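*Asks:*
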Amino acid sequence: MNSFYAFFDQIWLARNVILKGLGVTVSISLLSIVAGSILGVFVGLSLVYGNRLLRFIVRVYTDVVRGTPVLVLILASYYMLSGIGIELGPFQAGVLALAIFCSSHVGEIVRGGLQAVPKGQTEAAKAIGLTFGQTFAYVLWPQALRQFLPAWVNTAAEMVKASTLLSVIGVAELLLRTQEIISRNFMSLQFYFFAGLLYFVINYSIERFGKYVERKTTVAS
């Protein structure tokens, strides 16, 4: 019982450090997911509707990024860019690396969702005089969204977990802050469990958001 109270006492003492780390994790995850998803939509569109040269370039980009470990992308974004004169702080380099990684996965997800829409839908849209933009916005996108939403939720959750790797370039996210706290009080099991609980809350919130969007986009039968 005394150890239980001691743990909560340590949490209270370190509350500001934990909140700062949690804030950094949420910020990096949100920015990388949003930026990666936006870029991923363009990647998916290029893979499906681009000309041969564009499809080849985007396919190479997607395969290279998907085949590269996230840690390597993080180190490259931080160290290699500075070597060619592009100075990014740890936070910006981390967001860039995760957004690039996210875009490659979202691009494949969008590609699969668009290709799952029957071609007759596009032909029908052309028959009634819709432009490509109108066809995409009103016909293809709503149907593709329902197809790829579960996979997008999984990718978003992976970005949250990948954010733990940013500690290697000095980003003071939740895991690094937790390790700093443990170095002072040596309560490794308790604080790692507490950090895991916070990561679970973040990913569970993403999952519930995905369910909410899925309900909103479901067509009543």
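Going by this note's numbering, the sequence shown wraps up at 574, each residue one higher than the last.
All C-beta atoms in this analysis are idealised placements derived from N, C-alpha and C, irrespective of residue type, glycine included.
Owing to the predicted nature of the structure, the values given are computational and were not obtained by experimental measurement.
1. Could you spell out the range, first to last residue, of the alpha helix (DSSP H) harbouring glycine 523?
2. Can you tell me whether DSSP reads valine 413 as helix, strand or coil?
3. Could you check which residue in Ser536, Leu483, Val524 and Asn404 has the C-alpha nearest to that of leucine 375?
4. Expressed to the nearest angstrom, what Euclidean distance is found between the alpha-carbon atoms of asparagine 369 and leucine 467?
5. Using only alpha-carbon positions, find the residue among Trp494, Leu451 and Phe539 that is nearest to valine 470.
6. Where does phenylalanine 539 fall in DSSP's three states?
7. Can you tell me whether isoleucine 437 is buried or exposed? The criterion is at least 16 other CB atoms within 10 Å of its CB, across all chains shown.
8. In whole angstroms, what is the alpha-carbon distance linking serine 356 and glutamine 363?
9. Go ahead and pull the three-state DSSP assignment for alanine 497.
*Replies:* Judging by the given coordinates:
1. For the purposes of this step, residue 523 is taken as the residue at position 170 of the sequence shown. Unbroken run through glycine 523: none, as it is neither H nor E.
2. Residue 413 sits at position 60 when you count from the first residue of the sequence shown. Looking at valine 413 - three-state DSSP - the assignment turns out to be helix.
3. One-based indexing of the sequence shown puts residue 375 at position 22. It is Val524 whose Cα lies nearest to the Cα of leucine 375.
4. Residue mapping note: residue 369 aligns to position 16 of the sequence shown, counting from 1. Residue mapping note: residue 467 aligns to position 114 of the sequence shown, counting from 1. Straight-line Cα distance between these residues: approximately 45 Å.
5. Here residue 470 refers to the residue found at position 117 when the sequence shown is read from its first residue. The residue with the shortest Cα to Cα distance from valine 470 is Trp494.
6. As a working mapping, residue 539 is identified with position 186 in the sequence shown. The three-state secondary structure of phenylalanine 539, taken from DSSP, is coil.
7. Indexing the sequence shown from 1 puts residue 437 at position 84. Classification of isoleucine 437: exposed, given that the 10 Å Cβ count is below 16.
8. Start at 1 with the first residue of the sequence shown, and residue 356 comes out as number 3. Start at 1 with the first residue of the sequence shown, and residue 363 comes out as number 10. Roughly 10 Å between the two C-alpha positions.
9. Numbered from 1 along the sequence shown, position 144 holds the residue referred to as residue 497. Alanine 497: helix per DSSP, three-state reduction.
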